[in-house]
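Count along the sequence shown starting at 1, add 408, and that's the number in my numbering. The beta carbon of each residue, even a glycine, is placed where N, CA and C say it ideally should be. Below is one structure, written out as structure tokens; comments come after it.
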Amino acid sequence: MTSDDTGAEPMRAVEATFEAGRASRAGGVSATRTGDADGRLMARVRAGDREAFAGLVERHKDALVGYLARLTGSVDRAHELAQETFVRLFQAASRYEERGQCQALIYRIATNLVRSEERRRRRWRFRSLDAEHVAELPAPSDSPQRGVTREETRRVVARAVAELPVHYRVPLVLHEIEGWTVPRIAQTLSLREGTVKSRISRARARLRTRLEPFWNGGDA
């Protein structure tokens, strides 16, 4: 196997993981239809309708917890941050513009919570991922290296993603796993599209470097 082939192995597993994640989200309702329904619910929330707020939480909680779990490496922490996100969403309801995108607002609040948490720490300390923590991450269809199980591959890829700097991790997860377009990410994160593309590219390069020891027989 050439050095180029060896370097490609980590990204094949990453691609398989990301592709499975995108496929699992295919065939759902369109973003437009989701936005319309969310807008109607938010209008009711602004009027003090708590049942409408409960409906918003029910619509978005599972996807939001999955997103936060991928960012933090901890399902327990993801649930805590998701709860805080919805509390802040409720508090912001009176300032919500009907033309705004509710889902984008939810993810913006959640992302800012993760950023704030990491800023409070001088150094991000990654929590060990066990099978429960990465259960929501799709596994690649084939093991990339002989003797390496799909569960182990999934664990290593999940850990590598969670260890990326947050400014690379967020656009990568939104684009490659959540299936968001670059313009949508740019609008949500208040970034230029070129910046989003650059950060996704750099995140992928860091993943490749991070995962190479694992495929070369070492411990990633």
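*asked:* Under 8 Å, with one C-beta from each stretch per pair, do the region 557-564 and the region 577-591 reach the 3-pair mark?
replied: Segments in contact, no.
*Can you tell me which of M450, H468, G474 and Y475 puts its alpha carbon nearest to the alpha carbon of A500?*
Taking only the C-alpha atoms, the option nearest A500 is M450.
_Rounded C-alpha distance that separates R523 from A445_ = Straight-line Cα distance between these residues: approximately 29 Å.
*Would you identify the three-state DSSP class for T603, choosing helix, strand or coil?*
Three-state result, T603: helix.
_Would V465 and F498 qualify as a contact pair, given that the criterion is a beta-carbon distance under 7 Å?_
No, the Cβ-Cβ distance between V465 and F498 is not below 7 Å.
_C-beta atoms of L572 and I608 nearer than 7 Å_ = I608 sits away from L572, with the two beta carbons spaced by 7 Å or more.
*Measure how close the beta-carbons of Q595 and A512 come, nearest whole angstrom, since I'm counting them as under 8 Å.*
Indeed they touch by this definition, with Cβ atoms about 7 Å apart.
*Does the Cβ of A455 have 16 or more other Cβ atoms within 10 Å, making it buried, or fewer, making it exposed?*
By the 10 Å Cβ count, A455 comes out exposed.
*alpha helix (DSSP H) runs wholly inside the region 492-527, at least 4 long, in chain order*: Look at the region 492-527 and you find these whole runs of alpha helix (DSSP H), each 4 residues long or longer: 510-527.
_Which residue wins for smallest C-alpha separation from V604, given the options G463, R577 and D484?_
Among G463, R577 and D484, the Cα nearest to that of V604 belongs to R577.
*Close Cβ partners of N469 (< 8 Å) along its chain, the five nearest in sequence each way excluded*: According to the sequence as given, residue 469 is Lys; it is not Asn. Here the set comprises A490 and F494.
*Anyone know if the C-beta pair for R452 and A460 falls short of 7 Å?*
A contact, by the Cβ cut-off of 7 Å.
*asked:* Using only the alpha-carbon positions, how far apart do G447 and Y504 sit?
replied: G447 and Y504: Cα-Cα distance of roughly 9 Å.
_Among I514, V569 and R458, whose alpha-carbon lies nearest the alpha-carbon of A477?_
It is V569.
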